[in-house]
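Student: Quick one: the structure is below, and I'll ask about it shortly.
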Amino acid sequence: MLGEERHEKILRELELRGTLKVNDFAARTGLSGMTIRRDLAHLADQGLLKRVHGGAVPAGIERAGAAAGRRARPVATLGLIVPTSGYYFPAVIRGAEAAARVHNARLVLGVSNYSVEEESRQLERLVANGVDGILLASSGSTDDGSPTLELLSRLGVPVVLVERSGRAELAGASLESVMSDHSYGAELAVRHLASLGHNRIGLAVATSPTAPWLREGHGRAVQRLGLEPDAPVIEFTRAGPGIGNNRDVLRAFLDDCVASDTRAVLVLPDEEAIALVGIAQESGLEVPGDLSIVAYDDEVAELAGVPLTAVAPPKRDVGYSAVTMCMERLSHRGSGAASHVLRSVNLAPSLIVRESTGAAHTSAVTIDG
1 MLGEERHEKI
11 LRELELRGTL
21 KVNDFAARTG
31 LSGMTIRRDL
41 AHLADQGLLK
51 RVHGGAVPAG
61 IERAGAAAGR
71 RARPVATLGL
81 IVPTSGYYFP
91 AVIRGAEAAA
101 RVHNARLVLG
111 VSNYSVEEES
121 RQLERLVANG
131 VDGILLASSG
141 STDDGSPTLE
151 LLSRLGVPVV
161 LVERSGRAEL
171 AGASLESVMS
181 DHSYGAELAV
191 RHLASLGHNR
201 IGLAVATSPT
211 APWLREGHGR
221 AVQRLGLEPD
231 APVIEFTRAG
241 PGIGNNRDVL
251 RAFLDDCVAS
261 DTRAVLVLPD
271 EEAIALVGIA
281 QESGLEVPGD
291 LSIVAYDDEV
301 AELAGVPLTA
311 VAPPKRDVGY
321 SAVTMCMERL
331 SHRGSGAASH
341 VLRSVNLAPS
351 LIVRESTGAA
361 HTSAVTIDG
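According to the UniProt record's numbering, the sequence shown is numbered sequentially starting from 1.
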């Protein structure tokens, strides 16, 4: 394995797992411990990771109060608020962190835990503490007239929305945005399933900021490809995180799919797609023989009993681009220029084909029980 390939593999390991243990990594890759340690030293010298006893971790985000004196004085301090530091957003955070290093900016992280009130408190605290810009993955609506939009419009610092809409109604608040093009991602999934011969493609989405985009992309693709429009489409409120908390909803969705001869579905998020695999198998159906399933998010899709084909939003690139956009806006401000063109950037997801999708079959299926 060439050095560049090893370095890419090491950085991917850190992105996926958040840590790298030399002994474990050596056992899984067949590389020698000495080679891995030499590569870690090289990447650490480039600022791409931090050496720790027995391995490495990503180069850390500097939190409020951390010892900034260990490096050159940052040119700007940016606040990043996300609804969770768990599912989906770790890669966004790592991308933002990488861009902050490139721009010599300090990144201060806040987690709102999907509370609009906590998010507002953190926003006001960050501005009071003198941050130069805000990156926000909002917990609530940023539609015209919403409390969140009203607050953002009066913060007095550049704001970049992260994985949230930056459409025309936000122009009055001088907001910019970077997000995954989830509508296109849904269309990718539908086109993949249609290429396998499926003419009815269902959709099950948990209510979230992403859900409307998937419904839009699914509907557009069905129309453009001339597919049957009567496949089941549902949006549901999750009873809780984790696998198996929404069995009744998913079982009813599966029943509707069988009744309508729908043999392919797109499901948001991964955990619900994994749950649907289990429900289908318990019902005597084979995945993908009787039902092809595409997951949306690609956080844990490959860990399903049948590794799931998935749409993967470019999470790390979203975080990286958001910081870069904010720094460019700060630079424009500092130049004394009279105006700045507001930007709303959509980044294309990718489709990762695994084992859960296959060619359409014409034989009838029935559900056990």
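Here a beta-carbon is modelled for each residue, glycine too, at the ideal position from N, C-alpha and C.
Would you report the Cα separation of residue 44 and residue 51, rounded to the nearest angstrom?
Tutor: Approximately 7 Å, taken between the alpha carbons.
Student: For residue 237, does the count of other Cβ atoms within 10 angstroms reach 16, so buried, or fall short, so exposed?
Tutor: exposed
Student: So, are the CB atoms of residue 92 and residue 326 less than 8 Å apart?
Tutor: no
Student: So, helix, strand or coil for residue 219, using DSSP?
Tutor: In the three-state scheme derived from DSSP, where H, G and I count as helix and E and B as strand, residue 219 is classed as helix.
Student: What does DSSP give as the partner residue(s) for residue 107 in the beta ladder?
Tutor: Under DSSP, residue 107 takes part in a beta bridge, and its partners are 78.
Student: Who are the Cβ neighbours of residue 349 in its own chain at under 8 Å, not counting the five residues just before and after it?
Tutor: 180, 181, 182, 184, 185, 188, 311, 312, 313 and 314
Student: Taking the beta carbon of residue 192 as the centre, do at least 16 other beta carbons fall within 10 Å, making it buried, or is it exposed?
Tutor: buried
Student: If you compare alpha carbons, which of 253, 123, 81 and 358 is closest to residue 294?
Tutor: Checking every option, the nearest Cα to that of residue 294 belongs to 358.
Student: Given this structure, state the Cα-to-Cα distance separating residue 12 from residue 112, to the nearest angstrom.
Tutor: 27 Å
Student: Need the endpoints of the beta strand (DSSP E) that residue 235 sits in, please.
Tutor: Under the DSSP assignment, residue 235 falls in the beta strand (DSSP E) whose first and last residues are 233-236.
Student: Whole beta strand (DSSP E) runs in the UniProt domain "HTH deoR-type" (3-58) with 3 or more residues, listed along the chain?
Tutor: Runs of the beta strand (DSSP E) inside the UniProt domain "HTH deoR-type" (3-58): 49-52 and 55-58.
Student: Any heavy atom of the ligand ADP within a distance shorter than 7 Å of the CB on residue 327?
Tutor: The ligand ADP is absent from the structure shown, which contains no ligands of any kind.
Student: Which of helix, strand or coil does DSSP assign to residue 183?
Tutor: helix
Student: Roughly how many whole angstroms lie between the Cα atoms of residue 198 and residue 292?
Tutor: 9 Å
Student: Less than 8 Å between the C-beta atoms of residue 77 and residue 106, yes or no?
Tutor: yes
Student: With H, G and I counted as helix, E and B as strand and the rest as coil, what does DSSP make of residue 202?
Tutor: strand
Student: Could you have a look at residue 188 and say whether DSSP puts it in helix, strand or coil?
Tutor: helix
Student: Which first and last residues belong to the beta strand (DSSP E) in which residue 309 is found?
Tutor: Run containing residue 309: 309-312, per the beta strand (DSSP E) assignment.
Student: DSSP three-state call for residue 328: helix, strand or coil?
Tutor: helix
Student: Mind listing, in chain order, the continuous alpha helix (DSSP H) runs of no fewer than 4 residues lying wholly within the stretch 257-308?
Tutor: 270-282
Student: Could you give the first and the last residue of the continuous alpha helix (DSSP H) run that contains residue 95?
Tutor: 89-102
Student: Could you give the residue range of the beta strand (DSSP E) that holds residue 151?
Tutor: Segment 147-153 is the alpha helix (DSSP H) holding residue 151; no beta strand (DSSP E) there.
Student: Taking three-plus beta-carbon pairs below 8 Å as touching, is the stretch 209-222 in contact with the stretch 274-286?
Tutor: No: the two stretches stay apart, fewer than three of their Cβ pairs being nearer than 8 Å.
Student: So residue 114 and residue 299 are in contact, right, with Cβ under 8 Å, and what is the actual spacing, rounded?
Tutor: That belief does not hold up - the Cβ atoms of residue 114 and residue 299 are roughly 17 Å apart, past 8 Å.
Student: Please go through the same chain and pick out, in chain order, the residues whose beta-carbon is closer than 8 Å to the beta-carbon of residue 10, but skip the five residues on each side of it.
Tutor: 20, 25, 36, 39, 40, 43, 49 and 56
Student: Grab me the residues of residue 231's own chain with a C-beta within less than 7 Å of its C-beta, minus the 5 sequence neighbours each way, in chain order.
Tutor: Taken in chain order, the residues that qualify are 200, 201, 202, 260 and 262.
Student: Determine the DSSP secondary structure at residue 249, reduced to helix, strand or coil.
Tutor: helix
Student: Compare the C-alpha of residue 136 against each of 255, 279 and 119 and name the closest.
Tutor: The residue with the shortest Cα to Cα distance from residue 136 is 119.
Student: Give me the Cα-Cα distance between residue 162 and residue 217, rounded to the nearest whole angstrom.
Tutor: 20 Å
Student: For the beta strand (DSSP E) containing residue 351, list its first residue and its last residue.
Tutor: Boundaries of the beta strand (DSSP E) around residue 351: 350-352.
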